[in-house]
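Asker: Chains Y and B supply the protein sequences, listed in that same order.
Just so you know, my numbering puts the end of the first sequence at 666, numbered straight through with nothing missing.
Just so you know, my numbering puts the end of the second sequence at 544, numbered straight through with nothing missing.
Every residue gets a Cβ at the ideal spot worked out from N, C-alpha and C, and that includes glycine.
Note that this is a predicted model, so its numbers are computed, not measured.
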Amino acid sequence: MASNASSQVVRTGAGSRFVIYTLLAIFCLYYLLPLYVMVVNSLKPLSEIQAGGMMSLPSEWTIAPWASAWSTAQIGVAATGLKPYFLNSILMVVPAVAISTVLGALNGYVLTKWRFRGDTIVFGLLLFGCFIPFQMVLIPMARMLGLMGLAGTVPGLVFVHLVYGIGFSTLYFRNYYQQFPTELVRAAMIDGAGFFTIFRRIMLPSSGPIAVVCIIWQFTNIWNDFLFGASFSDFDSQPMTVALNNLVQSSTGVKEYNVHFAGAIMAALPTLLVYVVAGRYFVRGLMAGSVKG
Amino acid sequence: MSSNVTSRRADDWLRDALPKIVLSPSLAIVLVFVYGFILFTFYLSFTDSRILPSYGLVGWENYWKLFSLRAWGIAIDNVLIFGSLYIIICCALGLALAILLDQKIRAEGFIRTVYLYPMALSFIVTGTAWKWFLDPGIGLQAVVQSWGWESFTFEWIKDREMAIYTIVIAAVWQTSGFVMAMFLAGLRGIDNEVLKAAQIDGASNWALYRRIVIPQLRPAFMSAFVVLAHMAIKSYDLVIALTGGGPGTATELPATFMYSYTFTRNQMGIGAASATIMLMSIAAIMVPYIWSELREKK
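1. Please classify A375 (chain Y): does DSSP put it in a helix, a strand, or coil?
2. Give a yes or no on whether 7 Å exceeds the smallest Cβ distance from M247 (chain B) to chain Y.
3. Counting pairs of beta carbons, one from the stretch 403-419 of chain B and one from the stretch 362-375 of chain B, are three or more of them closer than 8 Å?
4. Given that D483 (chain B) touches chain Y, what residues does it touch there, using C-beta distances under 9 Å?
5. Below 8 Å CB to CB, which residues in the same chain sit around V450 (chain Y) once its five sequence neighbours on both sides are set aside?
6. Once the 5 residues before and after K266 (chain B) are set aside, which same chain residues still bring their CB inside 7 Å of it?
7. Taking all protein chains shown into account, decide if T502 (chain B) is buried (16 or more other Cβ within 10 angstroms of its Cβ) or exposed.
8. Based on the DSSP secondary-structure assignment, which residues constitute the bridge partners of I448 (chain Y)?
9. At a Cβ threshold of 7 Å, is P528 (chain Y) touching chain B?
10. What residues from the stretch 355-370 of chain B come within 9 Å of chain Y, judged by C-beta to C-beta, listed N to C?
11. Verify whether the separation of the beta carbon atoms of G685 (chain Y) and Q591 (chain Y) is less than 7 Å.
12. Going by other Cβ atoms of all chains shown within 10 Å of its Cβ, with 16 needed for buried, is Q513 (chain B) buried or exposed?
13. So is K442 (chain B) buried or exposed if we call it buried at 16+ other beta carbons inside 10 Å?
14. Going residue by residue through the stretch 435-506 of chain Y, where are the continuous beta strand (DSSP E) segments of at least 3 residues, counting only ones entirely within it?
15. Going straight from the alpha carbon of G666 (chain Y) to that of N548 (chain Y), what length do you get?
16. Is it buried or exposed, Q204 (chain B), if we count other Cβ atoms within 10 angstroms and call 16 or more buried?
17. Taking 8 Å as the limit between beta carbons, can you name the residues of its chain near W402 (chain B), skipping five residues before and five after?
18. From the DSSP output, read off the bridge partner residues of S300 (chain B).
19. Considering just the uninterrupted stretch of the alpha helix (DSSP H) at T526 (chain Y), what are its terminal residues?
20. Rounded to whole angstroms, how far is the Cβ of M504 (chain B) from the Cβ of A521 (chain B), which I believe are closer than 8 Å?
21. What does the alpha-carbon distance come out to for the pair M374 (chain Y) and L346 (chain B)?
22. Anything in the stretch 461-477 of chain Y with a Cβ closer than 8 Å to a Cβ of chain B? List those residues in chain order, please.
23. Distance cutoff 7 Å, beta carbons only. Does K404 (chain B) sit that close to anything in chain Y?
24. Taking contact to mean at least 3 C-beta pairs separated by less than 8 Å, is the stretch 514-527 of chain Y in contact with the stretch 630-641 of chain Y?
25. Tell me the DSSP secondary structure of S606 (chain Y) in three-state form.
26. Counting only beta-carbon separations shorter than 7 Å, does I536 (chain B) have a partner in chain Y?
27. I'd like to check one pair, N461 (chain Y) with V533 (chain Y): are the Cβ atoms closer than 7 Å?
28. Please state whether the Cβ-Cβ distance between N324 (chain B) and L499 (chain B) is less than 7 Å.
29. So, is the C-beta of P382 (chain B) closer than 7 Å to a C-beta in chain Y?
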C-alpha cells in the first residue's frame, strides 16, 4: 500500500509539511478523545466527575467502578453487574461465527468452482440479504423463534445471527476463491478427486487469510449487534450491548457515570482487542464488505 | 453388469448434484428468512394487525395513517437531515484525511489505526461515551465552565432543535475513519505517470488533485455513498444509546419509529408499513449497486 503514494509526485515544502502533521495530530486527538474520556472517568470517583472534572486525570485513582460494573451494578431488575451478559455474548458469538464461516466457505467454493446456471442470481439473492433493514424481518422472526421454542434464549440469538451472517461470509469466500486458479481444481477433478476432497486438500489450506477476515468481521458485527439482542432476548439471555444500554439508561438512583464508562469499555474491549491484534484483516473485511471487488 | 451401470449413473448424478446440495441449506434459509419474511411483513402492512399479526386486509390504510402521523414526519425529516449531513461530512473529512495521509507521512500505519478504531466499537459504546461527553451537567459544557469560561453553553443534546446534530457528531466520529480508508485505497490505485505528465505541464498540486486525482476517485465516492446511505437509513442503536429518540420525539428516526410502533404501541400494521418504506429506500440504493458490481465481474 505505502509504496505507491501519490506523494512520489506531489511534492510538499517544509511549511506545508508542518501544517499537514499538525492537522493529522489534531485529528488523532479528536478520534482518541472519547476513548480518553471513557478510560480516565472509569478510574475516578463519581464526585470528581460531578465536580466538572471529566477531562482531567483522576486525582484519586480507583478501580471500584470497574468492580461495580462487572459484578454488582443494577442491570434491569437484578444487581448482577455485566458479567452474566458478557458470558451470554460469548456463548452467542462463538457458535454463530463458527457456523456462518464454515457455510460461507462452502458456498463460496460452490459458487466459484462448481458454477451452474443461475449461480450469479443465487449470489445476488444472498448478497442483498446482507443489506436489508432488519426491521423488515423482526415481526416474523419473533413468531418463528416462538414456534421453534427458541424465543428469548441465547441459542435463538445464535440462530438469528447465523441466518443473517451467511450472506457476508459467502461474499468474502466467493470473492477470495474467484482469484484462486481454477486449473488446480480442474486438474484434481481429472485425477478423480471428489467435491469434498478438493475443498479439504486444495481450497482450505490456502484459505487462512480470508477465514481470518471473515471471522473478525462476523465477530465484530455479532458482538456489536443491538437490534436483534434487544428484540429477541429475555432478561437472562441479553447480550452485552443490551445490558450496557440498560445500565446507562436506568433512571433509578444516582447516575454512576464512572460505572457506565467502565461498562462501556468492557463491552468494547473484545472487538478493540481484535482490532489492535489483527487490524489489517479488519480493514480488509471492511473494504471487501463495501467495495465488492 | 447392469447394476454396475446404474450405480455409476447414481455416482455421476451425485457428483453433479453435490455442489447444489451443499449450497441448498443456505439458499433455503435465505429464501425463507430474508425473502419469505419480507413478503410476510409486506403483507402485514396491508392488514389490521395491532398487538399480534392479524390477517384482515385493510388496503392502503396503514400507509395513509403512517404518512399522516407527526412522529413519522419527524422521523423522515430527521433521516434526511441526518443522512445528508452524515454523508457529506464523512466524505469531506474522509477525503481530506486520506489526501493528507497520502503525503509520505511518517507513522502512517499508527495514524490510520487511530482514525479507524471507532469502527470496531458498538454504536451503544459510542453512544454512551458521547451521551455523557455532550451532557451539559458533566460533559463539555461543565468542563469549559470549570476552566473559567462561565458563560459557555453547549446544550444541543437537550435541545429539541439541535439534538439531531449530536447524532451526526457521534456518527461521523464513528465512520469517517472508514471512509478515509476507502479513499486512501482509491488514491493508492491512481497511476503516477499521469500525475507526472501533468506536473511537467506545470500543474500546481491543487490543480493536480482537483483535475486528475479527485475525478478518478469516483468509484470510491460511489462505494462510500452507498455504504453511508444504507447505514443512515438503518441507524438505530446510536440514537437509542445517545438520545433514546428524545428529547420528546426530536431525534426519532424511521428505525426507532418502527420499533416503538410495532412493539410498544401495538400498531403492528403501521410498523410493518414503515419497515416496508425503509426496505424500499434501501433497495433503491443497493439493487442498482449490487447489479452493476455483479455485471462488471462477469
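Answerer: From the atom records:
1. In the first sequence, residue 375 (chain Y) corresponds to position 2, counting from 1. Because A375 (chain Y) sits at a pLDDT of 40, beneath the cut-off of 50, its placement in the model cannot be relied upon, and the point is left open.
2. In the second sequence, counting from the first residue as 1, residue 247 (chain B) sits at position 1. Bear in mind that the predicted position of M247 (chain B) carries a pLDDT of just 48, short of 50, making it unreliable; the figure below should be weighed with that in mind. Cβ-Cβ to chain Y under 7 Å: no for M247 (chain B).
3. For the pair of segments examined, the stretch 403-419 of chain B was found to touch the stretch 362-375 of chain B: the number of CB pairs separated by less than 8 Å reaches three.
4. Position 237 of the second sequence, counting from 1, holds the residue named residue 483 (chain B). Result: N597, D598, F599, L600, A603, T614, N618.
5. Along the first sequence, one-based indexing puts residue 450 (chain Y) at 77. Correct list, in chain order: F608.
6. If you number the second sequence from 1, residue 266 (chain B) lands on position 20. The beta carbon of K266 (chain B) sits closer than 7 Å to no other beta carbon from its chain once the five residues preceding and following it are set aside.
7. As a position in the second sequence, residue 502 (chain B) is number 256, starting the count at 1. T502 (chain B) should be labelled buried.
8. As a first step, residue 448 (chain Y) is located in the first sequence; it is residue number 75 there, counting from the start. Answer is Y:A451, bridged to I448 (chain Y).
9. For the purposes of this step, residue 528 (chain Y) is identified with residue 155 of the first sequence, where counting begins at 1. So no, P528 (chain Y) is outside the interface.
10. Result list: G355, F356, I357, R358, T359, V360, Y361, L362, Y363, P364, M365, A366, L367, S368, F369, I370.
11. Chain Y is shown only over 374 to 666; residue 685 (chain Y) falls outside these bounds and no answer can be derived.
12. Start at 1 with the first residue of the second sequence, and residue 513 (chain B) comes out as number 267. Classification of Q513 (chain B): buried, given that the 10 Å Cβ count is 16 or more.
13. Indexing the second sequence from 1 puts residue 442 (chain B) at position 196. Exposed is the call here.
14. The DSSP assignment places no complete beta strand (DSSP E) segment of no fewer than 3 residues inside the stretch 435-506 of chain Y.
15. The sequence position of residue 666 (chain Y) within the first sequence is 293, counting from 1. The sequence position of residue 548 (chain Y) within the first sequence is 175, counting from 1. Interpretation of G666 (chain Y) is limited by its pLDDT of 34, a score under 50 that renders its predicted location unreliable; the figure taken from the coordinates is listed afterwards. If I take the Cα positions, the gap works out to 7 Å.
16. Residue 204 (chain B) lies beyond the range of chain B shown here (247 to 544); nothing can be said about it.
17. Here the question's residue 402 (chain B) lines up with position 156 in the second sequence. Correct list, in chain order: L380, M408, A409, Y411, T412.
18. Within the second sequence, numbered from 1, the residue matching residue 300 (chain B) stands at position 54. Beta-bridge pairing links S300 (chain B) to no other residue.
19. Position 153 of the first sequence, counted from the start, is the residue given in the question as residue 526 (chain Y). Here T526 (chain Y) belongs to no alpha helix (DSSP H), and DSSP marks it neither H nor E.
20. In the second sequence, residue 504 (chain B) corresponds to position 258, counting from 1. In the second sequence, residue 521 (chain B) corresponds to position 275, counting from 1. Their Cβ separation, rounded to whole angstroms, is 5 Å, which keeps M504 (chain B) and A521 (chain B) in contact under 8 Å.
21. To locate residue 374 (chain Y), count along the first sequence from 1; it is residue 1. To locate residue 346 (chain B), count along the second sequence from 1; it is residue 100. For M374 (chain Y), the pLDDT reaches just 40, beneath the cut-off of 50, and the residue's location in the model is therefore unreliable, although a value from the coordinates is still provided. For the pair M374 (chain Y) and L346 (chain B), the Cα-to-Cα distance works out to about 15 Å.
22. Contacts with chain B (Cβ-Cβ distance below 8 Å) from the stretch 461-477 of chain Y involve L476, listed in chain order.
23. Locating residue 404 (chain B) in the second sequence gives position 158, counting from the first residue. Cβ-Cβ to chain Y under 7 Å: no for K404 (chain B).
24. Because the criterion of three Cβ pairs below 8 Å is not met, the stretch 514-527 of chain Y and the stretch 630-641 of chain Y do not touch.
25. Mapped onto the first sequence, residue 606 (chain Y) falls at position 233. Three-state DSSP puts S606 (chain Y) in a strand.
26. By one-based count along the second sequence, residue 536 (chain B) stands at place 290. By this cut-off, I536 (chain B) is an interface position.
27. Position 160 of the first sequence, counted from the start, is the residue given in the question as residue 533 (chain Y). Position 88 of the first sequence, counted from the start, is the residue given in the question as residue 461 (chain Y). Not a contact, by the Cβ cut-off of 7 Å.
28. Locating residue 324 (chain B) in the second sequence gives position 78, where the first residue counts as 1. Locating residue 499 (chain B) in the second sequence gives position 253, where the first residue counts as 1. In this structure, the beta-carbon distance from N324 (chain B) to L499 (chain B) falls below 7 Å.
29. Here residue 382 (chain B) is taken as the residue at index 136 of the second sequence, counted from 1. No - not a single Cβ of chain Y is within 7 Å of the one on P382 (chain B).
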